[in-house]
Amino acid sequence: MELPPPMTKLRVVYGELTFHQYESTSSFVSLAASSSLKESRIRRLAENLADAIENGTRDQHSDALVNELNTHFDKCQQLLNSISSSINAKAMTVEGQKRKLEESEQLLNQRRELIGKYRNSVEELLKSEP
Numbered sequence: 426m427e428l429p430p431p432m433t434k435l436r437v438v439y440g441e442l443t444f445h446q447y448e449s450t451s452s453f454v455s456l457a458a459s460s461s462l463k464e465s466r467i468r469r470l471a472e473n474l475a476d477a478i479e480n481g482t483r484d485q486h487s488d489a490l491v492n493e494l495n496t497h498f499d500k501c502q503q504l505l506n507s508i509s510s511s512i513n514a515k516a517m518t519v520e521g522q523k524r525k526l527e528e529s530e531q532l533l534n535q536r537r538e539l540i541g542k543y544r545n546s547v548e549e550l551l552k553s554e555p
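So, in structure tokens, the structure goes:
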């Protein structure tokens, strides 16, 4: 399975995980979050990372890094899901507020029309009085 071009720069140096193009795990996670990677793709990345470590110098530290990366990506996925839910909820709130505003505008226009009709009626009555 081939990774997208930026991720092919992954390499293992002295048993520690390093990213050739990215400075740290957090910047890589930011990239993953901004790209809206799905959970399965993140897991595949972790598996490919494990394969890279296996082909290099594998030790407990590298295994711990893979586990930590899995955990970190799971948390990112939860955060993305939470953000998505929040955005959807806010969008529904905004739609509800727009509907209420439209209803209020309609009521206001109806009141203006009624006030105009009332004013015209009063003026007609005043004109008809001797």
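With the sequence shown counted from 1, adding 425 to any position gets you the numbering used here.
Backbone N, C-alpha and C fix where the C-beta goes; we use that ideal spot for every residue, glycine too.
| Query | Result |
| --- | --- |
| Three-state secondary structure (DSSP) of Thr-443 | Per-residue confidence for Thr-443 stands at a pLDDT of 41, beneath the threshold of 50, marking its modelled position as unreliable; the derived number appears in the next sentence. In the structure shown, Thr-443 sits in a strand (DSSP, three-state: E or B). |
| Environment of Leu-413 [buried if 16+ CB atoms lie within 10 Å] | This structure cannot settle anything about residue 413, because the visible part of the chain is limited to 426 through 555. |
| Burial state of Val-547, where buried means 16 or more other Cβ atoms lie within 10 Å | exposed |
| Assigned secondary structure, Glu-528 (DSSP; H/G/I helix, E/B strand, else coil) | helix |
| Three-state secondary structure (DSSP) of Gly-521 | helix |
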